[in-house]
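Heads up, the thing below is written out as structure tokens.
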Amino acid sequence: MPITIFKARTKLSMQHWLRRSALALAVGTVMATGITATTLTSAQAAVTTADFSNLVQQVTPAVARVNVTKTVSEEELAKAQTAELLRQFFGDRLRIPDQATTPAVEHAYGTAFFVTSDGYMLTNHHVIEGADKITVTLNDRTELDVTLVGSDERSDVAVLKVAGSKFPALPIGDSNALKVGEPVLAIGSPFGFDYSASAGIVSAKSRSFSREISVPFIQTDVALNPGNSGGPLFNQRGEVIGINSRIFSGTGGYMGLSFSIPIDAAMDIYEQIKTNGEVARAYMGIYPQDIDRNLAEAYNLARPQGALLTRVSPDSPAQKAGLKSGDIILQYNDVQIMRASDLLNLLNRAKPSDTFRAQIQRNGQQMTVSGKLTYAPDDVRAQGGDQQSNDIQLGLRLRNLTADEQAEISVDKSSGILVTTVDPTGLAARSGIMAGDVITNFHQKPIRKVADFSSAISSLPKKGVVTIEVIRQGVPGIIGLRIE
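Numbers -32 to -1, 1 to 452, taken from mature numbering (1 follows the signal peptide of the UniProt record, and there is no 0), label the letters of the sequence shown in order.
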């Protein structure tokens, strides 16, 4: 008897009583200064949540619950059991079997919404990651099978497709036009409670978490919880201006900080996945950091601003343009750079063939440099159909290991490449290859870098089984890849 795990998918990363406190403080202030009751009413209205009742009725038909089924490995099951013993995660239910080797099935859920009338939908990558089967449930209880068109881990955006037509597509807004303090509305399935609405305001814009996340998040105080992931964030006009993605929490539940992917960035990812099946990102070859008060004084800046380059990669577009370690980028293509995240956000939206012009400060002098972006050298899509006549679609995206990754999995610099993305419709996925695997040998050939893998697939047979040696979570193994 398989074990069933129920899991709501939301990435973890101001409360309403703060608003009441702010209102109470405003009331006390106006009464102490003798301001009239009319003024008090206006102050109270300023902090009252907008009425979204009509909007909820209009947009709900275009929002769907995402249902994900995934077979859980023995190792993943053991981790889930340990996690369950250590903490209780709101609403998750796990029945621990007598034997740890009993197979398990995970049922997870999230939210998606229609962006076209012919069935294209957007959700989060982490909602559908590792799914064996995906369906969506519409607000009239209709359940539809889903095709995963593609997903992008770095932006946490996934594109789904259901068969049919005349679906209620949502209008797309302009996330760049959002203002801090503007009312917003979210609709989703927190903890499995379908079509729950929550409202708040935009708390901040252009929030960044790490180099692995390539979007400038919209921060709100909208109550999001596990299951809200992938749902739409609306402005007062009913336009989608974000995809709800993650929360900042120490408990697993809402604590007043929620983050959404700007719809402008999400639609760019959508168009690339829909058209090309992948996301092409630009590469400049820089490692920027923020400038604090002390560095601003050391570099003779009037205030902390700009992106300080701590390293420039050899033979990169940045080096070819003349950039050096210690340079401070103040403007990029006429856009002022206040912090490193501003520059990274612009680069993450750029195309590999785009040109750039940067105003920099070096040794107290300002100058302008220019160059052309390229593809990242360590992020290469390996898909046999692009490289050989027998049209083998492996469906992998690979990159070379960093020094830290090599140390973590105990391999030397001459061994292995990392699988970053697996197309669920490709041969590799069907053979059991997973994102996070490190390929060390392919078709009896050692793999040291992505170029070795590209060379190895050119000699694959048209039919049969070839072996792939991998390291998965520190454990070596061999997978048989069936070519059909």
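Every residue, glycine too, gets a C-beta built ideally from N, C-alpha and C.
All of these numbers come straight from a predicted model, not from anything done at the bench.
Check                                                                                                                : Outcome
Assigned exposure category for residue 202 - 16 Cβ within 10 Å defines buried                                        : buried
Best match in 241, 223 and 417 for proximity to residue 128 [C-alpha to C-alpha]                                     : 241
Burial state of residue -4 (16 or more Cβ within 10 Å)                                                               : With a pLDDT of only 38 at residue -4, under 50, the local geometry of the prediction cannot be trusted, and the value read off the model is given with reservation. Exposed.
Rounded straight-line distance, which links the Cα of residue 443 to that of residue 334                             : 52 Å
Reference residue 208; option with closest CA among 83, 415 and 78                                                   : 83
Best match in 398, 337 and 416 for proximity to residue 370 [C-alpha to C-alpha]                                     : 416
Straight-line Cα distance separating residue 197 from residue 254                                                    : 32 Å
Contact between the segment 229 to 238 and the segment 274 to 283 (3+ Cβ pairs under 8 Å)                            : no
Under 9 Å between C-beta atoms of residue 447 and residue 406                                                        : no
Backbone secondary structure at residue 402 - three-state DSSP                                                       : coil
Whole-angstrom distance between residue 305 and residue 171, CA atom to CA atom                                      : 21 Å
Residue 364 - containing beta strand (DSSP E), residue span                                                          : 364 to 368
Residue 184 versus residue 421 - alpha carbon distance                                                               : 33 Å
Integer Cβ distance of residue 165 from residue 212, believed to fall under 8 Å                                      : Contact flag wrong, Cβ pair sits at about 12 Å.
Sequence-distant residues of the same chain with beta carbon closer than 6 Å to residue 488, five excluded per side  : Residue coverage of the chain in this structure runs from -32 to 452, which leaves residue 488 outside it and unanswerable.
Start and end residues, beta strand (DSSP E) containing residue 239                                                  : That residue, residue 239, is in no beta strand (DSSP E); its alpha helix (DSSP H) goes 231 to 244.
When 191, 409, 309 and 404 are compared against residue 159, the one with the closest alpha-carbon                   : 191
Delimiting residues of the alpha helix (DSSP H) encompassing residue 111                                             : No alpha helix (DSSP H) holds residue 111; the beta strand (DSSP E) holding it covers 111 to 113.
Top-ranked residue by Cα proximity to residue 98, from 76, 81 and 90                                                 : 76
Exposed unless 16 or more other CB atoms sit within 10 angstroms - verdict on residue 85                             : exposed
Other residues of its chain near residue 31: CB distance less than 6 Å, five sequence neighbours each side excluded  : 81 and 155
Any non-hydrogen atom of the ligand NAP within 8 Å of residue 402 CB                                                 : With respect to small molecules bound, the structure shown includes none, and the ligand NAP cannot be examined in it.
Nearest candidate by alpha-carbon position, reference residue 36, set 114, 28, 24 and 110                            : 114
Reference residue 26; option with closest CA among 143, 163 and 223                                                  : 163
First and last residue of the uninterrupted beta strand (DSSP E) at residue 202                                      : 200 to 202
Sequence-distant residues of its chain with Cβ nearer than 7 Å to residue 117 (five each side left out)              : 127, 128, 129, 241 and 242
Cross-strand partners of residue 276 (DSSP beta bridge)                                                              : 257 and 296
Range covered by the beta strand (DSSP E) that runs through residue 390                                              : 385 to 390
Distance CB(residue 312)-CB(residue 301) smaller than 9 Å                                                            : no
Own chain partners of residue 258 with C-beta closer than 7 Å, once the 5 adjacent residues on each side are dropped : 307 and 308
CA-to-CA distance, residue 226 to residue 120, given in whole angstroms                                              : 21 Å
Contact under 9 Å by Cβ, residue 319 with residue 248                                                                : yes
Residue 286 burial status per 10 Å Cβ neighbour count (16 or more: buried)                                           : buried
Proximity to residue 110 [Cα-Cα], best of 139, 29, 24 and 362                                                        : 29
Inter-residue Cα distance where the pair is residue 19 and residue 168                                               : 11 Å
Beta-bridge partners of residue 325, as assigned by DSSP                                                             : 338
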